[in-house]
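Chemist:
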């Protein structure tokens, strides 16, 4: 916005404030302007500002989602390891049979 003349940044504050006040806030589920006045703002916003804000929000959303997914993956692996450890405490090792070994089966699927 003030790339042409950085010393004139203050001229852009009103339009930027208008854009920020008309941007949907997830924490309050409406725009700040609508919260204050009870109606939506009728503005002629700079679409580039709105686009930059939307891009930034989308980028932050994606970054937060990736962090949450990594944390969830780490937690799942941790719980799986704990479950495996507690399961293996009472587990007997399997019997290894060779070909032509006689094996007695106590119970089958169809009854005793």
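Residue numbers (our numbering): 563 to 674. Cβ coordinates follow ideal geometry from the N, Cα and C atoms, glycine included.
Go through the region 582–658 residue by residue and report every complete run of the alpha helix (DSSP H) that reaches 4 residues or more, in order.
Modeler: Segments of the alpha helix (DSSP H) lying fully in the region 582–658: 594–599 and 609–651.
Chemist: Does the count of Cβ pairs from the region 612–620 and the region 570–589 closer than 8 Å reach three?
Modeler: With the cut-off at 8 Å, the region 612–620 and the region 570–589 touch.
Chemist: Comparing the CB of residue 668 with every heavy atom of the ligand MN, is any distance shorter than 7 Å?
Modeler: The ligand MN is not part of this structure, which contains no ligands at all.
Chemist: Use the C-beta contact count for residue 575: other C-beta atoms within 10 angstroms, 16 or more gives buried, fewer gives exposed.
Modeler: Mapped onto the chain shown, residue 575 falls at position 13. Exposed, by the Cβ-count rule.
Chemist: Between residue 579 and residue 593, is the Cβ-Cβ spacing less than 8 Å?
Modeler: Walking along the chain shown from the start, residue 579 turns up at place 17. Walking along the chain shown from the start, residue 593 turns up at place 31. No, the Cβ-Cβ distance between residue 579 and residue 593 is not below 8 Å.
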